[in-house]
Amino acid sequence: MNYVNITRAEDLEEIKDKRTYRFLEILPAALSITTLLLAGILSWLAPVVIAFFIIGFDIYWLLRVVYFSINQLFAYKKMKKNLNIDWEGKLNQLGDSWKDIYHLIVLPTYQETYEVLRESFESLKNVKYPGERLIVVLAIEESAGSEAVERAKRIEKEYSKYFFKLLISVHPKGLEGEMAGKGANLNYGANYAKEKVIDPLGISYNKILLASFDSDTKAGEQYFLCLTYNFLIDKNPLRTSYQPIPVYNNNIWDASAFSRVISVSGTFWQMIMQERPEKLVTYSSHSFPFRVFVDVGYPKDLVADDSHIFWKAYFFYKGDYKTKPLHYPVSMDAVMAKGITRTAINQYKQQRRWAWGCTEIPYVIFNFLKIKGISFKEKFGHIFTMIEGYWSWANSALLIFFLGWLPLFIGGDKFNVTMVSYSLPRITGLIMNISMAGIMISALTGLLLLPKRPEGVNIFKKFFMVIQWILIPFTLIIFGSLPSLDSQIRMMIKKPLGFWVTPKDRK
Numbered sequence: 001m002n003y004v005n006i007t008r009a010e011d012l013e014e015i016k017d018k019r020t021y022r023f024l025e026i027l028p029a030a031l032s033i034t035t036l037l038l039a040g041i042l043s044w045l046a047p048v049v050i051a052f053f054i055i056g057f058d059i060y061w062l063l064r065v066v067y068f069s070i071n072q073l074f075a076y077k078k079m080k081k082n083l084n085i086d087w088e089g090k091l092n093q094l095g096d097s098w099k100d101i102y103h104l105i106v107l108p109t110y111q112e113t114y115e116v117l118r119e120s121f122e123s124l125k126n127v128k129y130p131g132e133r134l135i136v137v138l139a140i141e142e143s144a145g146s147e148a149v150e151r152a153k154r155i156e157k158e159y160s161k162y163f164f165k166l167l168i169s170v171h172p173k174g175l176e177g178e179m180a181g182k183g184a185n186l187n188y189g190a191n192y193a194k195e196k197v198i199d200p201l202g203i204s205y206n207k208i209l210l211a212s213f214d215s216d217t218k219a220g221e222q223y224f225l226c227l228t229y230n231f232l233i234d235k236n237p238l239r240t241s242y243q244p245i246p247v248y249n250n251n252i253w254d255a256s257a258f259s260r261v262i263s264v265s266g267t268f269w270q271m272i273m274q275e276r277p278e279k280l281v282t283y284s285s286h287s288f289p290f291r292v293f294v295d296v297g298y299p300k301d302l303v304a305d306d307s308h309i310f311w312k313a314y315f316f317y318k319g320d321y322k323t324k325p326l327h328y329p330v331s332m333d334a335v336m337a338k339g340i341t342r343t344a345i346n347q348y349k350q351q352r353r354w355a356w357g358c359t360e361i362p363y364v365i366f367n368f369l370k371i372k373g374i375s376f377k378e379k380f381g382h383i384f385t386m387i388e389g390y391w392s393w394a395n396s397a398l399l400i401f402f403l404g405w406l407p408l409f410i411g412g413d414k415f416n417v418t419m420v421s422y423s424l425p426r427i428t429g430l431i432m433n434i435s436m437a438g439i440m441i442s443a444l445t446g447l448l449l450l451p452k453r454p455e456g457v458n459i460f461k462k463f464f465m466v467i468q469w470i471l472i473p474f475t476l477i478i479f480g481s482l483p484s485l486d487s488q489i490r491m492m493i494k495k496p497l498g499f500w501v502t503p504k505d506r507k
């Protein structure tokens with residue numbers, strides 16, 4: 001059986017395999033729930049034990065903050081350097097072969113407004129890469145109705161002259177074997193370009209890079225030049241995905257404070273991961289060889305398509321696949337809606353959708369059990385990174401800001417007169433105060449990432465963009481731990497999450 005194409009236990013034929021995969025689906029939630037229950041129970045029954053655990057965990061968290069902060073600063077320095085490089089000059093040093101590389105850019109859209117789409121196409125129009133080597137597909141959904149068609153035609157009329165081809169694909173609803181969402185639409189749009197342009201013109205699959213963009217993704221002027229250079233100098237370019245840094249700057253000056261904190265935190269995490277290329281997995285907007293699309297097939301029946309295409313290719317090529325960091329930004333929207341309540345709801349749903357990436361845990365572990373030829377060290381590294389990452393996402397904030405104080409309240413009189421009881425809040429407080437240095441680094445780096453202040457925006461708003469980081473305990477719990485637990489529990493009880501499109505509201 002081709003285990004690369006499975007996405008759930010029901011896809012398997014053997015009873016033993018189904019049970020193994022089902023166990024792996026339960027594992028993330030079981031670990032998280034057990035951790036939280038034990039923290040509560042032991043705070044009452046064995047407060048000294050849990051107090052030492054909390055102190056140890058806080059020290060571990062501090063070391064993580066230091067490590068991540070250093071990586072974040074290195075990534076920011078590399079990104080600033082790459083923004084100032086003359087990438088066309090570097091490509092010309094390689095000869096003229098770079099001018100044969102095409103970029104197929106697919107922008108799946110559902111109900112995004114013309115204004116949102118227009119900004120994305122303006123950025124594509126202004127890139128320095130030769131327009132005759134850009135094939136753009138605006139992938140609309142049939143279910144979005146006639147308004148989506150009218151928006152697409154308007155975009156086509158205004159921007160088709162800037163590209164080699166600008167195609168409008170209409171993804172039919174209800175196709176067998178699909179889940180409504182970005183993955184299915186992108187797959188249809190890329191195949192549409194293959195059928196209408198690539199195959200009829202005989203363009204080599206090996207000379208095309210497929211950009212999986214969101215509808216609000218704005219590429220910088222030199223993005224495709226930088227991408228092409230990294231593709232051409234790579235030792236194994238056709239076995240590599242290429243990952244930029246997502247920066248949620250399109251509407252950052254208008255977004256609410258908690259939305260800004262969450263968005264910038266997401267950017268910082270991706271910057272950190274750029275410094276760990278051996279663990280880097282594709283996320284949101286990224287590019288990969290069209291040859292991979294043809295060989296492997298794009299995921300069209302699940303939510304986490306952005307990461308799944310990496311893992312699917314990784315296992316298809318028996319581990320001979322990687323993600324290369326570009327240290328170059330692309331800009332997207334922070335979550336914003338009409339009213340603070342709707343914004344908070346949308347933010348939670350977006351984070352829950354991202355946390356649904358926990359479905360990759362059973363997929364990856366199961367394929368590691370089945371596919372030979374990958375070293376134990378590499379398998380263990382990937383499995384540990386995934387399990388620890390999703391466990392931390394669901395538990396860390398609750399342990400630090402809430403459950404860590406439970407022994408003081410329910411540990412009883414015997415515990416409250418011990419030296420451990422006296423030391424716990426002081427040690428924890430000291431560690432948290434030191435950790436604030438990492439938050440300040442994030443706050444200052446966030447200011448450096450800001451685009452130019454628009455006219456009419458108060459000059460003191462930058463000050464509030466530093467103060468907003470006091471919301472970090474709130475955002476880490478409400479928009480971090482809770483949606484992550486939500487997703488893990490849904491996977492455990494077989495209540496799958498459908499693809500939810502984040503509305504792109506602009507003021």
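Numbering (our numbering), first residue to last: 1 to 507. Positions of the beta carbon are idealized from the N, C-alpha and C atoms, including for glycine. Just so it is clear, the structure is predicted and the values come from calculations on it, not from any experiment.
Cutoff 6 Å; reference Tyr-76; Cβ partners in own chain excluding five residues on either side:
Thr-445
Practice problem: Apply the 10 Å Cβ neighbour rule to Asn-367 and answer buried if 16 or more other Cβ atoms are within range, or exposed otherwise. | Solution: buried
- Task: Could you tell me which residues DSSP puts in a beta bridge with Ala-184?
- Result: Answer is none; Ala-184 lacks a bridge partner.
Can you name the residues that DSSP bridges to Gln-243? Pro-325
Considering only the beta carbon of each residue, do Phe-224 and His-103 sit closer than 7 Å? yes
Query raised in the report: What are the start and end residues of each continuous beta strand (DSSP E) run of 3 or more residues lying completely inside the region 68 to 146, in chain order?
Result: 102 to 108, 134 to 141
Next item on the list: Could you check which residue in Ile-41, Gly-404, Trp-393 has the C-alpha nearest to that of Pro-425?
Entry: Gly-404
Checklist line | Within 7 Å, strictly: CB atoms of Ile-155 and Leu-117 | finding: yes
Notebook entry, point to check: Quick one, are the C-beta atoms of Phe-463 and Ile-371 less than 7 Å apart?
Noted result: no
Does the region 482 to 499 touch the region 383 to 402, meaning 3 or more C-beta pairs lie closer than 8 Å?
-> yes
- prompt: Just checking my contact of Leu-63 with Ile-434 at CB under 8 Å: how many whole Å lie between their CB atoms?
  reply: 11 Å between Cβ atoms; not a contact.
Hey, would you say Leu-24 sits closer than 7 Å to Ile-365, going by beta carbons?
-> yes
Check your understanding: In chain order, which continuous runs of the alpha helix (DSSP H) of length 4 or greater are located wholly inside the region 258 to 327?
Key -> 290 to 296, 305 to 316
Report buried or exposed for Phe-460, applying the criterion of at least 16 other Cβ atoms within 10 angstroms of its Cβ. exposed
For the beta strand (DSSP E) containing Lys-165, name the first residue and the last one. 165 to 171
Original post:
Tell me which same chain residues have a C-beta within less than 6 Å of the C-beta of Gly-442, skipping the five on either side of it?
Top reply: As written in the sequence, residue 442 is Ser, which differs from the Gly given in the question. Once the five neighbours on either side are set aside, the close Cβ partners of Ser-442 are Phe-268.
May I ask you to report which of helix, strand or coil DSSP gives Ser-215? coil
Problem - Residues bridged to Leu-210 (per DSSP) - result: Leu-104, Phe-288
For Ala-437, which residues in the same chain have their Cβ closer than 6 Å to its Cβ, ignoring the five residues on either side in sequence?
none
Going by DSSP, what residue range makes up the alpha helix (DSSP H) through Pro-407?
406 to 410
*Using only the heavy atoms of the ligand MN, determine whether one of them is closer than 6 Å to the beta carbon of Pro-237.*
What this structure holds is no ligand at all, so the ligand MN is not there to describe.
With burial defined as no fewer than 16 other Cβ atoms inside 10 Å of the residue's Cβ, what is the status of Tyr-110: buried or exposed? buried
* Can you tell me which of the three DSSP states Val-330 falls into? => strand
Helix, strand or coil: how does DSSP classify Phe-368 here? helix
**Q.** Given Ile-168 as reference, the closest of Ala-180, Lys-312, Arg-151, Asp-216 once Cα atoms are compared
**A.** Arg-151
### Message
According to DSSP, is Met-491 part of a helix, a strand, or is it coil?
### Response
helix
Original post:
Among the residues of its own chain, which have a CB less than 6 Å from the CB of Val-501, if the five just before and after it don't count?
Top reply: Tyr-110
Quiz prompt | Tyr-400 versus Ser-204 - alpha carbon distance | solution = The amino acid occupying residue 400 in the given sequence is Ile; Tyr does not appear at that position. Rounded to whole angstroms, Ile-400 to Ser-204 spans 53 Å at the Cα level.
Residues near Asp-214 in its chain [Cβ-Cβ closer than 8 Å; skip 5 each side]: Leu-107, Pro-108, Lys-182, Ser-284, Ser-285, Met-332
| Nearest-angstrom Cα distance between Val-335 and Thr-228? | 31 Å
(request) Please name the residue, chosen from Ala-29, Lys-218, Ile-410, Ala-337, that lies closest to Ala-51 on a Cα-to-Cα basis. (result) Ile-410
Next item on the list: Return the residue from the list Phe-310, Asp-216, Val-457, Ala-355 that minimises the CA-CA distance to Gly-498.
Entry: Ala-355
With DSSP collapsed to three states, give me the class of Pro-454.
coil
- Quick one: give me the first and last residue of the alpha helix (DSSP H) that Tyr-21 is part of. 15 to 45
Nearest by alpha-carbon distance to Pro-496: which of Glu-10, Tyr-3, Asn-2 is it?
Glu-10
* So is Phe-366 in contact with chain C if we call contact Cβ pairs under 7 Å? -> In the displayed structure, chain C is absent; only one protein chain is listed.
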